[in-house]
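J.: Starting off with a structure, shown below.
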């Protein structure tokens, strides 16, 4: 590249900037200057990573003026803003998104091509940002994109993790966790803001002082302190001038170095405080199976919200002289319960620092907060032991008790003598040791609570929090999740996006409802042919990636069946595995039979402490070892586990999938967004009536999906009547053979009893998520998929309808609903030009 570039441009010098002043393009001039002056490179020393980094810095430069102007207009017009608090933001890669949002993709493509550089190769160098794990973080990222694209005044707040969740390696079939040092070579998108540093306190004690007027003041003293330092990432909207801000907090020590310990030769002790402090922002979700892990996790959650609330208050006080209209101008959204400590933290600031009465502070707090619930799993509803809470946050414990007293007084007034109501509505759980129930805290303290799909919201109101829903009629709303079409079609599947835009224009990119326009071309031969060709091209790309990463050769003409999501029993990767084993045995028993070739693709991480999920990964890989090498099977079945699932890997798999596996036990998945992404890219869904699948069936048409299995109500009734998984085992010979294969050596490869824990979960421990009950329906529906796939024309029709009818599931629609119904904020679109913008 270097020699070609020198020769082509007739450079007599090694410097990039020799002709920078002659560049017609501002972007190219910025790029060449960054290569030379920011990265200290010349034509003979530049590496591909330098190209990426300089390009990212150049794009960031283009965003800066818009970013500054956006923040200025928000301040100048004193508009109401939403602050979106999330412990995760799964942003993925920023480069392509920025190129597209700034409308410079083609310009950069041509600029690099002239230098002999492939833009696609440069894009592949960028690591995914390690700021999230699963659907919670990806939803937050989609929401930030939609907020900016629709010009809503918004700020995201989170933690700047050093290592994110973890990097997943597969070693001899086992998941092995390695640190995900995503910033080891620097991150060009983030900007350090050391002037925005706040002190976060832990531990200590609270002393109370009675003032002459009878008021009681509380002083939190003798604390162990940590500093929170701000790092900002600009979030551009799609081809608009608005650029919002994502602010992330990094933990640092109040004392970098203890010179006395150092001089006495205790070098470890000299930096101990610094190390302990910085652990807070090291890793997302430290293992909470041990006490120190739980302590670190609670510290992490409080550190995050304390810095955020201090920042919000500092900004407010800079431009306002009272708190009279604070709640009229500020909306704070809690993305699940992880940020719920923001509630007592706001009370602490208003009462202890601003000298406000509890009653006034409580009214302001309730008007500011709204809360999104993302789960109905009992183990995922956060609780914190009183003893741990008192050790770390004694003042906040006092405030939570005070909130609870107010709540209980109202409960006793409305339901005198009803002890069951008091137990259910109390923030404090009295059984199995006292604990603080964070969902109850969030619900009592928020003006609005929402679920993320119709079924999920119904279950919240009727099963999980019925007494709270009765206490607060009208507080609970539904806001079905959505995805950004900018990433999940326009960016990840550019050929399909171009085809759609060629036929109906590009308005669908910002108004996904317009994508329904392709339905009128459903019988157009040229459109159908091109649509099918795009899928084949994407499958070819993925097959090459699979071979490169795993050494497994898969057939492009096979049905690509994908289940890609974090490993959890309720998501039922195990049911998919059981169906795959059954398919394997059917082919094995009839090697000359006519079977539809299928490639079964898994990807997802298991939490480090989740034994059964990790053992299931080993089972999937062992099945792959057996199936993929069996000469009787040939190319009629392949089983693939792709390691280190992340946003950029999803961007490869989703455009190539024919079939989307969404088979959670009905009533357990809050919403899901993977189902929406697959449908938007032309995959058909094999799924249960759970989460957003139900609403997708309403929009797309159940006849264009493959729905099977027990409903949420049937699951509830079966569990109540006494579910007996062994009865299914004994009455279904195929199921019996599948379950027996877990312990008869078929897939153990010499490691005896390797999968006995999975067998026991099914046969002895109650099969909590009803894999056995839904097995027969799953297998039969999967066979029906094969029948439809053989009819290529009918399959193409259904695939087109999936794309055309998924318009409801845009995050733009979701954000507008939040803005109108919950936050009360209005868009503030900006238009920059070359004139005076002062």
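Numbering (my numbering), first residue to last: 308 to 1145.
We put the beta carbon where it would ideally sit given N, CA and C, even for glycine.
Among 902, 998, 1062, which has the Cα closest to the Cα of residue 1146?
T.: Only positions 308 to 1145 of the chain appear in the structure, and residue 1146 is not among them; the question remains open.
J.: What is the DSSP secondary structure of residue 444, reduced to helix, strand or coil?
T.: Residue 444: helix per DSSP, three-state reduction.
J.: Can residue 555 and residue 467 be called in contact, C-beta distance under 8 Å?
T.: Cβ distance < 8 Å, so residue 555 and residue 467 count as in contact.
J.: With H, G and I counted as helix, E and B as strand and the rest as coil, what does DSSP make of residue 798?
T.: Here residue 798 sits in helix by DSSP.
J.: Give the secondary structure of residue 783 by DSSP, where H, G and I count as helix, E and B as strand, and everything else as coil.
T.: Note: residue 783 maps to strand in three-state DSSP.
J.: By a C-beta neighbour count over all protein chains shown, 10 Å radius and 16 as the cutoff for buried, is residue 500 buried or exposed?
T.: Classification of residue 500: exposed, given that the 10 Å Cβ count is below 16.
J.: Taking only the alpha-carbon atoms, compute the straight-line gap between residue 358 and residue 486 and give it to the nearest angstrom.
T.: Distance between the alpha carbons of residue 358 and residue 486 is about 26 Å.
J.: Please check the pair residue 799 and residue 958, which I expect to be a contact at CB under 8 Å, by giving their CB distance rounded to whole angstroms.
T.: Residue 799 to residue 958, Cβ: 4 Å. Contact.
J.: Just curious, the alpha helix (DSSP H) that residue 509 is in, first and last residue?
T.: No alpha helix (DSSP H) contains residue 509, which is instead part of the beta strand (DSSP E) from 498-509.
J.: For the alpha helix (DSSP H) that residue 1155 lies in, which residues bound it at each end?
T.: No information on residue 1155 is available, as it lies outside the stretch 308 to 1145 that the chain covers here.
J.: Going along the chain, which unbroken runs of the beta strand (DSSP E) with 3 or more residues stay wholly within the region 862-887?
T.: Entirely contained in the region 862-887, the beta strand (DSSP E) runs reaching 3 residues are, in chain order, 866-871.
J.: Quick check: the Cα distance between residue 375 and residue 384, rounded to an integer number of angstroms?
T.: C-alpha separation (whole angstroms): 14 Å.
J.: Quick one: what's got a C-beta closer than 8 Å to residue 616's C-beta in the same chain, skipping five residues either side?
T.: Excluding sequence neighbours, residue 616 sits near 649, 652, 653, 656.
J.: Flag this pair as yes or no: are the beta carbons of residue 443 and residue 646 separated by less than 8 Å?
T.: Not closer than 8 Å, so no.
J.: Quick one: any contact between the region 871-886 and the region 401-416, if contact means 3 or more CB pairs under 8 Å?
T.: Too few Cβ pairs lie closer than 8 Å, so no.
J.: Could you tell me which residues DSSP puts in a beta bridge with residue 1013?
T.: Bridge partners of residue 1013: 993.
J.: What is the residue span of the alpha helix (DSSP H) that residue 420 lies within?
T.: 412-421 is the extent of the alpha helix (DSSP H) around residue 420.
J.: So the beta strand (DSSP E) residue 976 belongs to, where does it begin and stop?
T.: Unbroken run through residue 976: none, as it is neither H nor E.
J.: Kindly provide the ranges of any beta strand (DSSP E) runs that are 3 or more residues long and lie completely inside the region 888-922, ordered along the chain.
T.: The region 888-922 contains these whole beta strand (DSSP E) runs: 905-910.
J.: Take the Cβ of residue 421 as the centre, count every other Cβ of all protein chains shown within 10 Å, and call the residue buried at 16 or more, exposed below.
T.: Exposed: under 16 other Cβ atoms inside 10 Å.
J.: On the three-state DSSP scale, how would you describe residue 481?
T.: The answer is strand: DSSP assigns residue 481 an E or B state.
J.: Check each candidate in 322, 333, 746, 814 and name the one with the smallest Cα separation from residue 365.
T.: When only C-alpha atoms are compared, the closest one is 333.
J.: Do you know whose CA, among 775, 1095, 789, lies nearest residue 902's CA?
T.: Cα-wise, what sits closest to residue 902 is 1095.
J.: Counting pairs of beta carbons, one from the region 499-518 and one from the region 598-615, are three or more of them closer than 8 Å?
T.: Enough Cβ pairs lie closer than 8 Å, so yes.
J.: Looking only at its own chain, which residues have a Cβ that is under 7 Å from the Cβ of residue 574, when we skip the five neighbours before and after it?
T.: Confidence is the limiting factor: at residue 574 the pLDDT is only 49, short of 50, which leaves the residue's position unreliable and the question unanswerable from this model.
J.: Identify the continuous beta strand (DSSP E) that holds residue 532 and give its terminal residues.
T.: Note, residue 532: beta strand (DSSP E), 531-543.
J.: Could you tell me which residues DSSP puts in a beta bridge with residue 475?
T.: Answer by DSSP bridge pairing, in chain order: 484.
J.: Quick test of the definition: if touching needs 3 or more C-beta pairs under 8 Å, does the region 848-862 touch the region 975-982?
T.: No, they do not touch.
J.: Run through the region 789-856 for me and flag every whole alpha helix (DSSP H) of 4 or more residues, listed as ranges in chain order.
T.: List check, alpha helix (DSSP H) in window: 801-811.
J.: Alpha helix (DSSP H) containing residue 755: first to last residue?
T.: From DSSP, residue 755 is part of no alpha helix (DSSP H) but of the beta strand (DSSP E) over 755-758.
J.: State the CB to CB distance for the pair residue 387 and residue 636, rounded to an integer number of angstroms; the pair is presumed to be in contact (CB under 8 Å).
T.: Rounded, the Cβ-Cβ distance is 5 Å, consistent with contact.
J.: Is the beta carbon of residue 999 sitting closer than 8 Å to the one on residue 992?
T.: No.
J.: Would residue 451 be called buried (16 or more neighbouring beta carbons within 10 Å of its own) or exposed?
T.: Per the 10 Å Cβ criterion, buried.
J.: Can you tell me whether DSSP reads residue 941 as helix, strand or coil?
T.: If DSSP states are grouped into helix, strand and coil, residue 941 belongs with coil.
J.: Tell me the DSSP secondary structure of residue 1076 in three-state form.
T.: Coil at residue 1076, not helix or strand.
J.: Decide yes or no for the touch test of the region 716-725 against the region 734-750: beta carbon pairs closer than 8 Å, at least 3 of them.
T.: Output reads no: the region 734-750 does not touch the region 716-725.
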